[in-house]
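S.K.: This is the structure, below, for whatever I ask next.
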Amino acid sequence: MSLFRKMANPAYKPYEAELEKEVRAGGIPEHVAIIMDGNRRYAREVMGEEASQGHVKGKDKFEEVTRWCLDLGVKYLTVYAFSVENFSRSQEEVDMLMDLISSALIELADSEEVQRYRPRIRVIGDRAIIPENLYKAVEYAENKTKDYDGCCLSIAIAYGGRQEIVGAVREISRKVKEGEIDIDDINEEMLSDHLS
Numbered sequence: 000m001s002l003f004r005k006m007a008n009p010a011y012k013p014y015e016a017e018l019e020k021e022v023r024a025g026g027i028p029e030h031v032a033i034i035m036d037g038n039r040r041y042a043r044e045v046m047g048e049e050a051s052q053g054h055v056k057g058k059d060k061f062e063e064v065t066r067w068c069l070d071l072g073v074k075y076l077t078v079y080a081f082s083v084e085n086f087s088r089s090q091e092e093v094d095m096l097m098d099l100i101s102s103a104l105i106e107l108a109d110s111e112e113v114q115r116y117r118p119r120i121r122v123i124g125d126r127a128i129i130p131e132n133l134y135k136a137v138e139y140a141e142n143k144t145k146d147y148d149g150c151c152l153s154i155a156i157a158y159g160g161r162q163e164i165v166g167a168v169r170e171i172s173r174k175v176k177e178g179e180i181d182i183d184d185i186n187e188e189m190l191s192d193h194l195s
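Each residue of the sequence shown is one higher than the one before, starting from 0 at the first, in numbering that gives the first Met the number 0.
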């Protein structure tokens, strides 16, 4: 089955075959990270549409790239879907994105590709600040794939690097306070282990 099998335009067939050959010949990366950025700008400047249409196109591209990575055997795929800073957008846009991400997670967990390639889906970020419908979708996707042994598909939602460090430091501090660990045991490895 072709890596780019979902592309509809038959004119792309020779290009797709050559691209797949080059990707495979160059070695498959172990970890691919994607920042979902520019969807609003793409909608306005390229499509001449509302921002929401760009987000839908971004979701479609996420699904396509995820299939490519699964087909290629990438071991780790991290998708930065929605940062903490994105909550400063209009409430209408935030609500639309939360619904879109929620439905995308459920569709992904139920997809043919996930059943075939068995990636373990995990969501990283601050679950305390996401709406209930998205929280339920996260739980659904993670529970459905928790025993899968394929690649690790991490999706960052309500995520910020500084926030992650603060959370890790708080958790380590709690463990010191409760006597679970000694302050002298804290090192780089322990901090790394407490990061998502």
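Idealized CB from N, CA, C, for every residue including glycine. The structure displayed is predicted, hence computed values, not measured ones.
Within 10 Å of its beta-carbon, does Pro9 have 16 or more other beta-carbons around it, so buried, or fewer, so exposed?
M.R.: exposed
S.K.: May I ask you to report which of helix, strand or coil DSSP gives Ser1?
M.R.: For Ser1, the predicted model reports a pLDDT of 37, less than 50, meaning its position is unreliable; a value from the coordinates is still stated below. Coil at Ser1, not helix or strand.
S.K.: So, does the region 126-140 touch the region 155-174, judging by three or more C-beta pairs under 8 Å?
M.R.: Contact annotation: the region 126-140 touches the region 155-174, with at least three C-beta pairs closer than 8 Å.
S.K.: Alpha carbon to alpha carbon, what distance is there between Gly124 and Ile182?
M.R.: 26 Å
S.K.: Which first and last residues belong to the beta strand (DSSP E) in which Leu76 is found?
M.R.: Tyr75 to Ser82
S.K.: For the beta strand (DSSP E) that contains Val122, what are its first and last residues?
M.R.: Arg119 to Ile123
S.K.: In the structure shown, what three-state DSSP assignment does Ile180 receive?
M.R.: coil
S.K.: Any heavy atom of the ligand ZN inside 7 Å of the beta-carbon of Ile185?
M.R.: With respect to the ligand ZN, the structure shown offers nothing to examine, as it has no ligands at all.
S.K.: For Leu152 and Leu76, what's the separation of their Cα atoms in angstroms?
M.R.: 5 Å
S.K.: Given that a residue counts as buried once 16 or more other Cβ atoms are within 10 Å of its Cβ, and exposed if not, what is Gly78?
M.R.: The question names Gly, yet the displayed sequence has Val at residue 78. It counts as buried.
S.K.: To which residues of the same chain is Ile100 closer than 7 Å at the C-beta, ignoring the five residues directly before and after it?
M.R.: Ala80, Phe81, Leu133 and Ile156
S.K.: Along the alpha helix (DSSP H) that carries Tyr41, what are the first and last residues, could you check?
M.R.: Asn38 to Tyr41
S.K.: Round the Cβ separation of Met97 and Ile120 to the nearest angstrom and send it over; I've been treating them as touching at under 8 Å.
M.R.: Beta-carbon to beta-carbon, Met97 and Ile120 are separated by about 17 Å, too far to satisfy the 8 Å threshold.
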